[in-house]
Structure formats: C-alpha cells, structure tokens
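Just so you know, the sequence shown maps onto residues 280 to 493 in my numbering. Encoded as structure tokens, the structure appears first; notes follow it.
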Amino acid sequence: MQFFVDTANVDEIKEANALGILAGVTTNPSLVAKEGVDFHERLKEITAIVDGSVSAEVISTEAEGMITEGRELAKIAPNITVKVPMTLEGMKAVKVFTEENIQTNVTLVFSSVQALIAARAGATYVSPFLGRLDDIGHNGLDLISEISEIFNVHGIETKIIAASVRHSTHVAEAAARGAHIATIPFKVVPGLLKHPLTDQGIEKFLNDWENRKQ
Ligand code: E4P
C-alpha cells in the first residue's frame, strides 16, 4: 500500500515528503478553505513538491460545470487528479475525463456498488470514507474488503484509496484488506511510526552506552 497525505498545507506536505514515503496528496474543499489561499496557486505549489497524484476537487454539482472546472484543474500540472463526487452528474463528468485521459478520484464513496459504478465510469481512484462510516456505527474497514473483493473478482484496475482515516489501525487494516493507498491526515502520521517498545529500546541502548565499561 502507498501513502498519500490528506491536506492542503504546504508545510505538512513538505514534512511528509521528507520521510521518503509520500506517493501523493489529496485535498478537498474543506481542507483548502482552511488554508485561506488561492486554490489554483496552492495546487501549483503542491504539484511542484510532490512526485505523484495530487487530487483537486470540483465544486460544481452539474456535469457541465464539473467538466469545465476539471479541465482547468488538469491544466495546472500533469500530476493533477480531478476529484469528483459520487453522483449521477459526477459519473457523467468522469466518463468525459476518462475519454480525455484526465485522471479522476471519485470521492464520498460509502458503498461497494458506488465504487463499482465509479470504476465502470472509468475512475482512476475511488475513495471510500472509513472514519465517516465508523461515525454512524458502520464498519468502514468492511467496505474496503468488499470493494477489494469485487475489484479482484472482476479484474478492475481502479485503485482503492482508504480515505477519512483517523488512526494507525485504519491504515494497517486497510492495507491488509486490499486498499492500494491510504490518504492520511498529517496529524495521524507520527502515530504510524510510534511504538512504546521502540522508545523504551532506544532509552535502554543509550543508557547502557552511557554506562559502558571504559
Ligand atoms: C479524502 O480524499 C478526503 O479528503 C478525506 O479523507 C475526508 O476525510 P474526513 O472525514 O477526515 O473529512
């Protein structure tokens, strides 16, 4: 499984990139709004930092508007992926983007049949939202397993991005259940590297070194 970071903040993206594990970035209108910057300018900055897919979401709710917006977004850089909501209008837009070789990420996926439809419309990526399903008492990780099984059985090449990730167990389980990518909020990243036994081990090694026989 690859790692994307789910943020529009340049400092966070640079820091994640310095770890050598960053394969892409996802943004959404809420994350961009928090930054208070020009959307296209920020995307230029991000696409210059990251050697991988950078998802930029359309705001229109009608296919025509999504297509116009998506074409403009795709002009920003070759690594832009146009993020489209999982709606009827969204699927019409995905069809057009696919014909125009523009990469797409279908977002706000909450069922396996939505993922299958998005894939058949030509989506490059689908983004099932784990945390938001958990929030309403469903098991988000089960959705990853279902989508993964359907895609495997039918030889579908659309990549599954585990989204709305809240903690490291989501990441580990999503990997085990067949997600190709996890897009992770920056604040979750340090927890992925942490283990109390690692910290204790370092402390003991340093202590023993300090007290070595001279
Ligand atoms: C995915 O691409 C979305 O940006 C994201 O994961 C949303 O998750 P949230 O539930 O943390 O807002």
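Cβ atoms here follow ideal geometry from the backbone N, Cα and C, with glycine treated the same way. Small disclaimer: the values here were computed from a predicted structure and weren't measured.
Do N358 and V329 count as a contact pair if the criterion is CB distance below 8 Å? Yes, they are a contact pair.
In this structure, does DSSP put N384 in helix, strand or coil? DSSP places N384 in strand when its eight states are reduced to three.
May I have the straight-line CA-CA distance separating F408 from I435, to the nearest angstrom? Between the alpha carbons of F408 and I435 lies a distance of about 20 Å.
Among V450, L310, P475, A295, which residue has its Cα nearest to the Cα of I440? Of the listed residues, the one whose Cα sits closest to I440 is V450.
Give the range of the beta strand (DSSP E) segment to which S334 is assigned. For S334, the enclosing beta strand (DSSP E) starts and ends at 332-336.
Pick out whichever of K483, A400, K362 has its Cα sitting closest to the Cα of E378. With distances taken between Cα atoms, E378 lies closest to A400.
Rounded to whole angstroms, what's the CA-CA distance from L420 to L412? Just pull it up for me. Taking the CA atoms as reference points, L420 sits about 9 Å from L412.
Answer with buried or exposed for E336, where buried requires no fewer than 16 other C-beta atoms within 10 angstroms of its C-beta. A buried status is given to E336, since no fewer than 16 other beta-carbon atoms sit within 10 Å of its beta-carbon.
What's the C-alpha gap between N418 and L387? Cα to Cα, N418 sits roughly 15 Å from L387.
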